[in-house]
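First up is the structure itself, then whatever we jot down about it.
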Amino acid sequence: MKSKENIYSLKILGLFLLVIIILVLIFLGCYVENKGVYIFPGDSVEQMYQFYLGGWERIHAGTLSQFDWSLGVGGNIMAYVYYFLTSPFFYITLFFPREGMQYLMLNLNSLKIFLLFISTYYWASKITGNKNSKIIASFIITFSGWVFFYYAYNMFLDAFILYPLILGLTEEYLKNNKYVALTCCIGILGIINYYFLYMFLPFLCVYALIRYVNVNQLGFNFKLMIKVGLKFAGIILLGICLSAVILLPCGFLVMQNNRFMTNEISYFDTIGINEIVYFFSTLFTPVFERFNASYLIPEHTHEFIGWGGGCSLFAFIIKPLLLPLVFCLKDKYKRNSLVISYCMLLLLLNFQYGWYLLQRSIDTRWLYMFLFVDALALIEINEELEDKRLNSRKLIFSFMISGSVIAVLLLNMLYHHYWPRKQMIEVGVVSVLMIIFMMCYVVYYNSRKKETWFLLTILTLEAIASGRIFVAYNYGIDHTFFEQPEQSTEAIEYIKRIDHGYYRILYGSESYQIPGAPGAFVITTPNEPFSKNYPGFSFYNTIYNTETSDYYNRTSPNWFVSEAMGRNKIYNLLSAKYWITYDYESQIPDDYELLYKDKDTGFSIYKNPYFLELGKTYDKTINKEFFDSLPVLLKDRIMLDYLVTEESTNFEYELNDNFIFLGQLPECSTRELVLEDPISNGNLYVVNYGVTEIIISLYNDNELLKVYPYSQYNYVDLRIDDNMEVNRIVVEGGNYSGVAAFMDVYFEPNDGSYDQWYQQTQKEKFENVLFNNDYIAADINLTDERYIFTSIPYDKGWKVYVNGEKVPYEKVNLGFIGLRLGSGNYHLEFRYEIPYLKVGAIISLGSLMILILLSMRNSKKRKLKK
């Protein structure tokens, strides 16, 4: 008996070893040609990689805090939580140097895929004892189109591993009434990725109901189902409560986020025939590109159905081959439950409002549901085929139908010339390969003795082919990109050594021309501050502190906020103190002075002479509703002297600057303004509204003095040096906003008025500022009643104390903390606590105690039965 168990264990280990070999073969080219680096342009490098770097920095430096100052101007750390903090795989990186992070990403994702195979095999083993069925289910999920389509998203794979594990534990509960491990896994899923928990629970409930009917061979008994359903719902609720320490504070953030709480989809909006054909086509082809799941039907042929044109339904070519036989299953309970499941999913696929309910967005991540139902269906079909309850000759007809569909899709592709000739040939070759695989499956099922090794060989070859196709069409960034000096943290470390105060840092736009690439890759992405752990202004993340949305919306309308070029007076107001660059000395902000230049790595640090530490005082306010109706450039001029508050009753303003209106540019792609008197030594402002991509050229007659490319809207500003005489301004850029843009042009001469303004702010400034992320303290002496503006982002987690007493505060200047104080000396303290974190921790702890008590009670019951 033991020898049989040992042989079985060795076979399982051999299967797992085979999966490792498959993964090595899939990514072998990345190791050989790119030193093991496989990180994509876009979100892969701008979010996933950057967040791992930032997490590594914080934990190694011991600066992980509740309020993070690199989420734009600052925000709740829970906004980033599932990117790194709750990922068990992230903690593996802590044992390696920061410089090796790019090499770890491929290995960690390969580890996740390997664990997904084990998790799926566990689930399948709880459903069937048929080894071939378990192998099929494990392969089609692990190397599915869904997995490759979302390969670039670390946190997706983190959570997806748990899906089959939870389904397997659900089987254990349905058959043996064991729920402790199931409850714990639901809680762990909520902690690792609350979004994927939300997306999974509806499917889990339906799955449990259908499997309960199958396991117990029951007909429709409404009362019994209600009773079983309520008990299962209690287990789910307890699991959710276990993760409340993460769910509650994160839920608080999500509820404030417009992306998840606004919806323009009506209840009965449906997808069209083109979208249906697209999804159908993904059944027959592996994922080629991560932005186009089907090469047979390109993304541009249909309406928006999710990023990348909608996710793939591909689960090996065995799926369209065997799936038609689901209607022929002899077991009526399994046949009916599978047919009902597919009908429900197809209905959901048709109505987009269901997508929104499942994901809070119009995307197709929820298509994983098809994948698990597919696995269930193929398990049952394979068993009946191998037991000869199903006639394997029916597969010949299924093969002919699938082959014909592939042929029609190919002819359609050729007819419409979707791709260049070379790519169409490649798609044709892959399609022929899929047909060959189908023929092999037909041969396997029609053979007298169905050898496992033959089935395993076909699945292995198809897995390798699917993976290799994905890798071939989705190139990783060249390893040399990650070896550039701009990737290092030396400049930030230098600043931190000399300055422990409160400030923010600006950075130059650095890029690198990768050999062979069509264009330069930007190194300093919006998540640059997070990756290097310093207070900045930019970020790229779906979840953020929406209390500061009014400020962000001036430069970007969503969750992708880059540093604006220019706008130095607003950055000064928000405590910008340093600017770092390697190559872009031409971008130096106005009047910044060189502080340090490193000869080895080449970075330069510039210091702001107009630094405002923590904020300033105001003696005038302006009503926010009125303020919101004004143009952005005018707003920025007003904010220097007026505090913007909702409570203000003032609707008037008097500008205290020296702006000169030069003229208005016409509405055309190339605009020109000729000046009678040349301008020099000052700042030029061009109000470009929604024309984001512009090039400003400055001339002295026909002599080109300088060219400035910009990518931002509302307005741009640039410095004109005292050695420049500009009498002609040319602005190039097409207007695709749909609204006419007659651009106003202003000039602000450098006559010392801003110096006077700055000196005035220093008469009542913050002193003795102490900064420690979640705690800020400062002193201020006021000679009269003043409105206090701080550059601390408004967040309900802050508590403000004045001379030891807690005081209320308000949101001012588009998203920052402000308060009103009379004359006198004050000691101010700002303390931050994540909203609902303590409440969530109490609920989690209480739920854990309940689970332990229930487990002890069940254990006693089992002992009494024995």
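Mapped onto the numbering used here, the consecutive letters of the sequence shown carry residue numbers 618 to 1483.
Beta carbons are placed, not taken as given, at the ideal position from N, Cα and C, and that holds for glycine.
The model shown is predicted, which means the values in this text are computed figures rather than measured ones.
Check whether the Cβ atoms of residue i and residue j lie closer than 8 Å to each other.
{"i": "threonine 800", "j": "leucine 821", "result": "no"}
{"i": "aspartate 1095", "j": "asparagine 651", "result": "yes"}
{"i": "glycine 583", "j": "leucine 865", "result": "Because the chain spans 618 through 1483 in this model, residue 583 falls outside it and cannot be assessed."}
{"i": "glutamate 1309", "j": "serine 1328", "result": "Before going further, note that residue 1309 is threonine rather than glutamate in the sequence given. Going by C-beta atoms, threonine 1309 is nearer than 8 Å to serine 1328."}
{"i": "lysine 1194", "j": "asparagine 1225", "result": "yes"}
{"i": "proline 1152", "j": "isoleucine 1115", "result": "no"}
{"i": "isoleucine 1296", "j": "glutamate 1349", "result": "no"}
{"i": "leucine 1436", "j": "isoleucine 1460", "result": "no"}
{"i": "tyrosine 739", "j": "leucine 782", "result": "yes"}
{"i": "valine 764", "j": "isoleucine 1160", "result": "no"}
{"i": "glycine 996", "j": "threonine 1163", "result": "Rather than glycine, the amino acid found at residue 996 in this sequence is isoleucine. For isoleucine 996 and threonine 1163, no; Cβs fall outside 8 Å."}
{"i": "isoleucine 809", "j": "alanine 850", "result": "no"}
{"i": "phenylalanine 1147", "j": "phenylalanine 668", "result": "yes"}
Report the partner residues of residue i according to the DSSP bridge assignment.
{"i": "tryptophan 1415", "result": "Tyr1449"}
{"i": "leucine 1260", "result": "Thr1238"}
{"i": "arginine 1288", "result": "Val1348"}
{"i": "tryptophan 763", "result": "Tryptophan 763 is not bridged to any residue."}
{"i": "phenylalanine 849", "result": "In the DSSP output, where bridge partners are listed per residue, phenylalanine 849 has none listed."}
{"i": "asparagine 1442", "result": "Asn1398"}
{"i": "alanine 1193", "result": "Arg1121"}
{"i": "lysine 1224", "result": "Tyr1195 and Glu1210"}
{"i": "isoleucine 1393", "result": "Phe1388 and Phe1447"}
{"i": "tyrosine 1493", "result": "This structure cannot settle anything about residue 1493, because the visible part of the chain is limited to 618 through 1483."}
{"i": "threonine 1407", "result": "Gly1232"}
Buried or exposed: where does residue i fall if 16 or more other Cβ atoms within 10 Å of its Cβ makes it buried?
{"i": "asparagine 793", "result": "exposed"}
{"i": "arginine 1479", "result": "exposed"}
{"i": "leucine 913", "result": "buried"}
{"i": "tryptophan 686", "result": "buried"}
{"i": "valine 1386", "result": "buried"}
{"i": "phenylalanine 901", "result": "buried"}
{"i": "aspartate 1412", "result": "buried"}
{"i": "threonine 759", "result": "buried"}
{"i": "tyrosine 884", "result": "exposed"}
{"i": "valine 1060", "result": "exposed"}
{"i": "arginine 1010", "result": "exposed"}
{"i": "proline 1135", "result": "exposed"}
{"i": "aspartate 991", "result": "buried"}
{"i": "isoleucine 753", "result": "buried"}
{"i": "phenylalanine 734", "result": "buried"}
{"i": "aspartate 1396", "result": "exposed"}
{"i": "phenylalanine 1014", "result": "exposed"}
{"i": "tryptophan 960", "result": "Note that residue 960 is cysteine in the sequence shown, not tryptophan. Result: exposed."}
{"i": "serine 1064", "result": "exposed"}
{"i": "isoleucine 1277", "result": "exposed"}
Among the options, which residue has its Cα nearest to the Cα of residue i?
{"i": "phenylalanine 1383", "options": "Ser1314, Leu1231 and Glu1107", "result": "Leu1231"}
{"i": "valine 832", "options": "Trp763, Gly717, Pro941 and Ser954", "result": "Ser954"}
{"i": "aspartate 1245", "options": "Asp1236, Ile1255 and Lys1237", "result": "Ile1255"}
{"i": "isoleucine 882", "options": "Tyr895, His917, Gln1104 and Phe968", "result": "Phe968"}
{"i": "aspartate 1217", "options": "Asn874, Leu818, Tyr1199 and Asn1225", "result": "Tyr1199"}
{"i": "leucine 1027", "options": "Ser898, Asp1334, Ser1126 and Leu1260", "result": "Ser898"}
{"i": "leucine 1191", "options": "Leu995, Phe1228 and Cys647", "result": "Phe1228"}
{"i": "leucine 930", "options": "Glu916, Ser958, Ala1181 and Leu988", "result": "Leu988"}
{"i": "phenylalanine 707", "options": "Ile694, Asn724 and Tyr1306", "result": "Asn724"}
{"i": "valine 1429", "options": "Arg1065, Leu993, Ile1239 and Tyr1035", "result": "Ile1239"}
{"i": "threonine 1407", "options": "Asp1208, Leu688, Thr680 and Gly1432", "result": "Gly1432"}
{"i": "serine 1126", "options": "Pro1326, Val1025 and Glu1001", "result": "Pro1326"}
{"i": "proline 1132", "options": "Gly1020, Glu1271, Ile803 and Gly1093", "result": "Gly1093"}
{"i": "asparagine 1150", "options": "Gln1130, Tyr1453, Gln1104 and Val1249", "result": "Gln1104"}
{"i": "glutamate 674", "options": "Glu716, Val690 and Leu640", "result": "Glu716"}
Mind reading off the beta-carbon distance from residue i to residue j? Whole number of angstroms is fine, and I expect it under 8 Å.
{"i": "asparagine 1273", "j": "aspartate 1258", "result": "5 Å"}
{"i": "glycine 692", "j": "proline 1410", "result": "7 Å"}
{"i": "threonine 1106", "j": "glutamate 663", "result": "Wrong, their Cβ atoms sit about 18 Å apart, outside the cutoff."}
{"i": "isoleucine 922", "j": "isoleucine 888", "result": "6 Å"}
{"i": "glutamate 1381", "j": "threonine 1234", "result": "5 Å"}
{"i": "valine 1303", "j": "valine 1343", "result": "Not confirmed; about 12 Å, so no contact."}
{"i": "threonine 680", "j": "asparagine 1158", "result": "In fact, because the Cβ distance is near 19 Å, the residues do not count as touching under 8 Å."}
{"i": "glycine 927", "j": "phenylalanine 896", "result": "7 Å"}
{"i": "asparagine 1300", "j": "aspartate 1338", "result": "Not confirmed; about 11 Å, so no contact."}
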